[in-house]
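Novice:
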Amino acid sequence: MIRDDLTQLIERAIKKAQKKGDLPQFDLPEVTIERPKEAAHGDYATPVCLGMARLARMAPVRIAERVVARMDRPDFIGSVAVAHPGFINVTLSDAWVAAQVETILQERERFGHVNLGGGRRVQVEYISANPTGPLTIGSGRNAVLGDTLANVLAAAGWQVQREFYVNDMGTQIELFAASLYARYAQALGHDEPLPEEGYPGGYLVEMGKEIAAEFGDRFLRMERDEAIRALRAEGLTRMLASIKADAGALGVHFDHWKSEQSLYDDSVYGTVFNKLSSEGWLVHREGAIWFRSDLEDRQDSGSGDEDRQREKREDKDNVVVRSDGRPTYFASDIAYVGDKLVIRGFDWAIYVWGADHHGHVSRMKAVTRALGLDPNRVTFILYQLVTLKRGGELVRMGKRTGEIITLREVVEEIGADATRFMLLTRSADSQMELDLTLAVQQSSENPVYYVQYGHARIASIFRYARERGVSLEGGDVSLLTHPAEQALIRQMIRLPEVVALCAETLSPHHLTHYAQELASAFHSFYKECRVVSDDPAHTELGKARLKLVLAAKTVLANTLHLMGVSAPEAM
RNA sequence: GCCCCAGUAGCUCAAUGGAUAGAGCGCCUGACUUCGAAUCAGUAGGUUGGGGGUUCGAGUCCCUCCUGGGGCGCCA
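Residue numbers for the first sequence follow the numbering used here, so the first one is 1 and each next one is one higher.
1) Per DSSP, what kind of secondary structure is Arg573 in: helix, strand or coil?
2) Tell me the rounded alpha-carbon separation between Arg3 and Phe291.
3) Looking at C-alpha atoms only, which residue of Ala56, Ile14, Ala99 is the closest neighbour of Ala69?
4) Looking at Cys529 and Ala465, is the spacing between their C-beta atoms short of 7 Å?
5) So for Ala53, helix, strand or coil by DSSP?
6) Could you pull out every residue in the same chain whose Cβ sits closer than 6 Å to the Cβ of Arg232, ignoring the five residues on either side in sequence?
7) At 4 residues or longer, what runs of the alpha helix (DSSP H) sit wholly inside the region 402–436?
8) Going by CA-CA distance only, name the one from Ile405, Arg110, Leu9, Ile343 that's closest to Asp72.
9) Any chance you could list the alpha helix (DSSP H) runs of at least 4 consecutive residues sitting entirely within the region 112–157, in chain order?
10) Compare the C-alpha of Leu472 against each of Lys543, Asp265, Val321 and name the closest.
11) Do you know whose CA, among His482, Thr91, Arg162, Thr554, lies nearest Val124's CA?
12) Could you check which residue in Val48, Lys19, Thr91, Val386 has the C-alpha nearest to that of Gly42?
13) What do you reckon, are the CB atoms on Leu546 and Leu480 nearer than 7 Å?
14) Using only CA atoms, which one of Val114, Ala17, Met207, Glu540 lies nearest to Ala187?
15) In this structure, how does DSSP classify Ala331 when only helix, strand and coil are distinguished?
16) Return the first residue and the last residue of the beta strand (DSSP E) that Thr46 is part of.
17) Does Ser507 come out as helix, strand or coil in the three-state DSSP assignment?
18) Take Gln172 and list the residues in its own chain whose beta-carbon comes closer than 7 Å to its own, dropping the five residues that flank it on each side.
19) Given this structure, state the Cα-to-Cα distance separating Arg313 from Ala366, to the nearest angstrom.
20) When burial is assigned at 16 or more other CB atoms within 10 Å of the CB, is Pro536 buried or exposed?
21) In the DSSP assignment, the beta strand (DSSP E) including Glu163 goes from what residue to what residue?
22) Tell me whether Thr91 sits in a helix, a strand or coil according to DSSP, three-state version.
23) From what residue to what residue does the alpha helix (DSSP H) around Gly454 run?
24) I'd like to confirm the pairing. Which residues does DSSP put opposite Arg390 in its beta bridges?
25) Three-state secondary structure (DSSP) at Phe291?
26) Please report the distance separating the alpha-carbon of Arg12 from that of Gln25.
27) With a threshold of 8 Å, are at least 3 pairs of Cβ atoms found where one atom belongs to the region 491–510 and the other to the region 449–469?
28) With Ser533 as the anchor, note down where its alpha helix (DSSP H) starts and where it stops.
29) What does a CB cutoff of less than 6 Å around Ile289 pick up in its chain, not counting 5 residues either side in sequence?
30) Under 7 Å between the Cβ atoms of Val152 and Cys502?
31) Who are Phe380's beta bridge partners in DSSP?
32) Determine, using beta carbons only, whether Val361 and Phe330 come nearer to each other than 7 Å.
33) Using beta-carbon positions only, say whether Ala182 and Leu194 come within less than 7 Å of one another.
34) Where does Ala233 sit, in a helix, a strand or coil, going by DSSP?
35) Expressed to the nearest angstrom, what Euclidean distance is found between the alpha-carbon atoms of Gln18 and Leu28?
36) Helix or strand or just coil, what does DSSP make of Ser524?
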């Protein structure tokens, strides 16, 4: 990336200035390159000389002048300027900018990719909603974050696996099975009450009817426990199929569905448990088995580990096995992290969790450390919960309370593209309020259409060009010197930087903002510059501009696809 | 009580410690007999919740207070 080239260019210039005696000797500070907000400040800028003022005991502007004097000028540099109070502003060469159109046309769908991952393996685990009900809009935010993050990491050179963790054992699935049994029995006319704490949602009534219609009274003729066991399996299969379909409707597909139960069946849990136990991490107390966190501080004090997430250390012990012998959810999580990092050998495991699971992060980090693994190999993306309203009224929602606004409902109302874009625009840290009534009303003015319109408009230009028999063959991109053309290309070549930013900060929402800026640059260009024209004097420029808009179409499509949004040829 | 996240234009939200805090929606003014007006060009709108501090420079970092959300179970 140009940005990295610039960093090196400036670093070399500083060292050279020191060597030649223009600047005193001091340790090089980190050279940061930023994109100035003000167009007049060029394409890139660095404030590094401001920070060097004290080290060099010189005025920042003087330092900047001496650094600039020692800078090499490779072909991509247009001009370099020093600006008060000591910025170095770099403007790219217009000729080099224009030439990037050819680069984009060569790289096509790979344009925007960067190699930060170096082929290392990362697993992104997302949604992982309990398979006891349909996906909610909250799961939608999880899905969009995780899925887009996976796209971004893949574009950033990581080998990515997308995983859905299926909680197919434990209290909730038992309640689900018992609830289903009741609904099934009711469908056959029996007066079977819903269990206490059961799932009251209407979807189970439907499922009970379906199973009754398909299997008749087969399950009623069994022992009750046996029937519930059979219905649990049947219900789980149906629920997972429904979840898969709901996720698919949003364009989300998984590489692997990991069963929680399999962690026990495949003795992953046993292996991990024995390791922790033999190393003294587990303690028996009050009839239960606890993971102790008090060992932690002694273990690696001063080890200098730099957590990506500055979490508070876990300060309390947590139950792994209940006094009745049943493992807790935490027990599964322990086995699962071992499964991810050791057995399957992922270099990095990313979990996408709602903020309500925040309290579990520190104990997961603690367990990872206890297993002798680098805690930086697990990262938790926490997103703030979505509060829902309908017509201004708060909707209290939950699978266990029965009232649900399903993801499918929203996708059917406003479409997958608008849903994804809407859920992706905000950073994960911001709590969002979603009024379904308003969202439906406003879906037609969702900015996603502005971006897609740009893509469709270009497709239309090509349809028109074909009618006129105009092609881009032999187009000379060096003719692209118009300010609107240059501005558009400058936006286009930002994509790799945006991908890098999203991957480094694990915040894919930058994509939505970039997409709008890119589309805006295109629409401005379109208004100012005629692409296809009958004017003979325009022929050469027209060919060059066809190349430009094809490149723009490519970058728009790549950006949209990273977000999991379609790039329509017409709309 | 303790911990985490947030508070920025009327609304929804951006802004790797940098220059004059930006978009979209909404408001107002202009632009379609030539490639798609789901568009473009422009106007208005701000004490970045309050108060201290660090820094050459703070929306961003630290302290404190206020408001909202979430967590602190042998629940998941």
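C-beta: ideal position from N, C-alpha, C; glycine also.
Bear in mind that the values here come from a model prediction, so they are computed numbers and not experimental data.
Specialist: By the coordinates alone:
1) Since the displayed the chain opens at 1 and closes at 571, residue 573 lies outside it and no answer follows.
2) The residue labelled residue 3 in the question sits at position 3 within the first sequence. The residue labelled residue 291 in the question sits at position 291 within the first sequence. Taking the straight line joining both Cα atoms gives about 46 Å.
3) Here the question's residue 69 lines up with position 69 in the first sequence. Closest option to Ala69, Cα to Cα, is Ile14.
4) Taking the first sequence and counting its residues from 1, the one referred to as residue 465 is at position 465. Taking the first sequence and counting its residues from 1, the one referred to as residue 529 is at position 529. No. Outside cutoff.
5) Numbered from 1 along the first sequence, position 53 holds the residue referred to as residue 53. Ala53: helix per DSSP, three-state reduction.
6) Stepping through the first sequence from its first residue, residue 232 is reached at position 232. Taken in chain order, the residues that qualify are Ala177.
7) 407–414, 416–425
8) The residue you call residue 72 lines up with position 72 of the first sequence. Nearest C-alpha to Asp72: Leu9.
9) 137–155
10) In the first sequence, counting from the first residue as 1, residue 472 sits at position 472. The candidate whose alpha carbon is nearest that of Leu472 is Lys543.
11) Your numbering for residue 124 matches position 124 in the first sequence. The option with the nearest alpha carbon to Val124 is Arg162.
12) As a working mapping, residue 42 is identified with position 42 in the first sequence. Here the closest residue by C-alpha is Thr91.
13) As a position in the first sequence, residue 546 is number 546, starting the count at 1. As a position in the first sequence, residue 480 is number 480, starting the count at 1. No. Outside cutoff.
14) Here residue 187 is taken as the residue at index 187 of the first sequence, counted from 1. With distances taken between Cα atoms, Ala187 lies closest to Met207.
15) Taking the first residue of the first sequence as 1, we reach residue 331 at position 331. Note: Ala331 maps to helix in three-state DSSP.
16) Against the first sequence, residue 46 aligns to sequence position 46. Taken as a continuous stretch (DSSP letters only), the beta strand (DSSP E) holding Thr46 covers 44–46.
17) Walking along the first sequence from the start, residue 507 turns up at place 507. In this structure, Ser507 counts as coil in the three-state DSSP scheme.
18) If you number the first sequence from 1, residue 172 lands on position 172. Only Asn130, Thr132 meet the Cβ criterion.
19) Residue 313 sits at position 313 when you count from the first residue of the first sequence. Residue 366 sits at position 366 when you count from the first residue of the first sequence. The straight-line gap from Cα to Cα measures roughly 8 Å.
20) For this step, residue 536 is matched to residue 536 along the first sequence. Per the 10 Å Cβ criterion, exposed.
21) In the first sequence, counting from the first residue as 1, residue 163 sits at position 163. Looking at the DSSP string, the run of the beta strand (DSSP E) that includes Glu163 is 159–166.
22) Taking the first sequence and counting its residues from 1, one reaches residue 91 at position 91. Reduced to three states, the DSSP call for Thr91 is strand.
23) Position 454 of the first sequence holds residue 454. It spans 447–467 - the alpha helix (DSSP H) in which Gly454 sits, taken as one unbroken run.
24) Sequence index remark: in the first sequence, residue 390 carries index 390 (1-based). Paired residues: Glu393.
25) Along the first sequence, read from residue 1 onward, the residue named residue 291 stands at position 291. If DSSP states are grouped into helix, strand and coil, Phe291 belongs with the strands.
26) Reading the first sequence from its first residue, position 12 is the one you call residue 12. Reading the first sequence from its first residue, position 25 is the one you call residue 25. Going by the C-alpha atoms only, they are around 14 Å apart.
27) no
28) The residue you call residue 533 lines up with position 533 of the first sequence. First-last for Ser533: undefined, no H or E at that position.
29) Indexing the first sequence from 1 puts residue 289 at position 289. Result list for Ile289: Leu282, Val320, Val321, in chain order.
30) In the first sequence, counting from the first residue as 1, residue 152 sits at position 152. In the first sequence, counting from the first residue as 1, residue 502 sits at position 502. A contact, by the Cβ cut-off of 7 Å.
31) Working through the first sequence from its first residue, we reach residue 380 at position 380. Answer by DSSP bridge pairing, in chain order: Tyr351.
32) On the first sequence, residue 361 is found 361 positions in, with the first residue counted as 1. On the first sequence, residue 330 is found 330 positions in, with the first residue counted as 1. No; because the gap between Cβ atoms is not below 7 Å, this pair is not in contact.
33) Residue mapping note: residue 182 aligns to position 182 of the first sequence, counting from 1. Residue mapping note: residue 194 aligns to position 194 of the first sequence, counting from 1. Closer than 7 Å, so yes.
34) Taking the first sequence and counting its residues from 1, the one referred to as residue 233 is at position 233. Three-state DSSP puts Ala233 in a helix.
35) Your numbering for residue 18 matches position 18 in the first sequence. Your numbering for residue 28 matches position 28 in the first sequence. Computed Cα separation, rounded: 10 Å.
36) Start at 1 with the first residue of the first sequence, and residue 524 comes out as number 524. Correct three-state label for Ser524: helix.
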